[in-house]
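Heads up, the thing below is written out as C-alpha cells.
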Amino acid sequence: MLKTVQLTKTFSRQDNDFDAVHSVDVEIGKGEICALTGPSGCGKSTFFHMICGITKPDAGQIIFDGTDVSNYNANQWAALRANDISYVLQGDSLLTNLTVLENICLPHQLTGSGDLKESAMALLKEFGLENMANDVPVNLSGGERRRVAIARAFVHGPKMVVADEPTSDLDEENTALILEFFKRQAKSGKTIIMSTHDLSVIDDSMTHLVMRKGVINKK
Ligand SMILES: Nc1ncnc2c1ncn2[C@@H]1O[C@H](COP(=O)(O)OP(=O)(O)OP(=O)(O)O)[C@@H](O)[C@H]1O
Ligand SMILES: [Mg+2]
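Terminal number for the sequence shown in the working numbering: 279, no gaps in between.
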C-alpha cells in the first residue's frame with residue numbers, strides 16, 4: 061500500500077543542515093498495522109507529514125497504492141487526503157466552533173463524500189461518545205477529543221490511516237478500545253501507520269519500525 065524509496069527531508073537550524081528523515085526505505089502492505097517508535101525529535105512526525113503530502117520531501121519517492129505520488133501537487137495531495145489517506149495529527153485538531161458530529165462529518169461533506177452522519181454516530185457509539193455528538197470540543201476531555209479525531213479519520217473509509225501518537229492521551233481502557241478498533245479495521249483491509257512512545261501497545265500482529273536520528277529500521 062505504501063512504499064518509500066530513499067525518502068529524505070533536510071531542515072536547517074542555526075545555519076546547520078540536518079536530515080530530519082534520512083534515506084528511508086519502507087514497505088507497508090494492505091491490511092498491515094505498522095507501529096513507529098523512536099525518541100522525541102527522531103523524525104517520526106516529519107516522516108508522517110511527507111507520506112501525507114503535508115511536507116515536500118527533498119529527495120526520494122513515495123509510492124502509494126501502486127502510484128508514484130512523489131511529484132503530486134497540492135491539489136492532487138488534497139484529493140488523496142480527502143479520499144484515501146487520513147492523517148490523525150499529534151495534538152488537538154478539532155474545529156472549536158463545530159459540534160463533535162459536525163467535526164466528523166463536515167470535512168468529508170465538503171470534499172464530496174456525502175452524508176456520513178449514520179456512520180459517524182456508529183463510530184461515536186463504538187468509542188463511547190454518542191451522548192457528546194452535539195457538544196463542542198471544548199466541553200470534552202483531551203482523550204475524548206482524540207477519539208473524535210480518530211472517528212473523523214476512519215468515517216469515510218480511507219485506504220490508509222496515518223496516526224501520530226493516537227493513544228498518547230488515552231487511559232488504559234480507551235487505548236485498548238482504539239487498538240482493538242485498529243485491528244478490526246486492518247482485518248478489513250485498512251493500512252494503519254501509527255507512532256507511539258508506549259511500547260506496551262505493540263504486539264505480534266503489528267510491524268514494529270524503529271526510528272533513530274532520521275533513519276528507520278525494522279525491529
Ligand atoms: N520546520 C522545521 N524546521 C527545522 N527543524 C524542524 C522543523 N520541523 C521539525 N524540525 C526538527 O526535526 C526533527 C524531527 O522532528 P519531528 O517532529 O519529526 O520529531 P518526532 O520524532 O515526531 O518527535 P516527537 O516524538 O517529540 O513528536 C526535530 O529535531 C525537530 O526540531
Ligand atoms: Mg512527533
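No residue lacks a Cβ here, since even glycine has one placed at the ideal position from N, Cα and C.
(message) If contact is defined by three or more beta carbon pairs under 8 Å, each pair taking one atom from either stretch, is the segment 97 to 116 in contact with the segment 170 to 185?
(response) no
(message) Closer than 6 Å to a non-hydrogen atom of ligand 1 - does that hold for the CB of Thr106?
(response) Numbered from its first residue, the sequence shown carries residue 106 at position 46. Indeed, a heavy atom of ligand 1 lies less than 6 Å from the Cβ.
(request) Pick out whichever of Asp77, His216 and Leu158 has its Cα sitting closest to the Cα of Arg141. (result) As a working note, residue 141 is residue 81 in the sequence shown. Measuring from the Cα of Arg141, the nearest candidate turns out to be His216.
(request) Check whether the Cβ of Gln150 sits closer than 6 Å to any heavy atom of ligand 2, and report yes or no. (result) Sequence index remark: in the sequence shown, residue 150 carries index 90 (1-based). Indeed, a heavy atom of ligand 2 lies less than 6 Å from the Cβ.
(request) Could you give the DSSP three-state label for Leu230: helix, strand or coil? (result) Here residue 230 corresponds to residue number 170 of the sequence shown, with the count starting at 1. Coil at Leu230, not helix or strand.
(message) Considering just the uninterrupted stretch of the alpha helix (DSSP H) at Thr106, what are its terminal residues?
(response) Mapped onto the sequence shown, residue 106 falls at position 46. Residues Lys104 to Ile111.
(message) Rounded to whole angstroms, what is the Cα-Cα separation between Tyr132 and Asp229?
(response) Counting from 1 along the sequence shown, the entry for residue 132 is found at position 72. Counting from 1 along the sequence shown, the entry for residue 229 is found at position 169. Going from the Cα of Tyr132 to the Cα of Asp229 covers about 33 Å.
(request) Less than 8 Å between the CB atoms is what I'm expecting for Ile145 and Val222, so what's the real figure, rounded? (result) Taking the sequence shown and counting its residues from 1, the one referred to as residue 145 is at position 85. Taking the sequence shown and counting its residues from 1, the one referred to as residue 222 is at position 162. Right, their Cβ atoms sit about 7 Å apart.
(request) Report yes if the C-beta distance between Ile262 and His268 is below 7 Å; otherwise report no. (result) Here the question's residue 262 lines up with position 202 in the sequence shown. Here the question's residue 268 lines up with position 208 in the sequence shown. It is a contact, given that the beta carbons lie within the stated cut-off.
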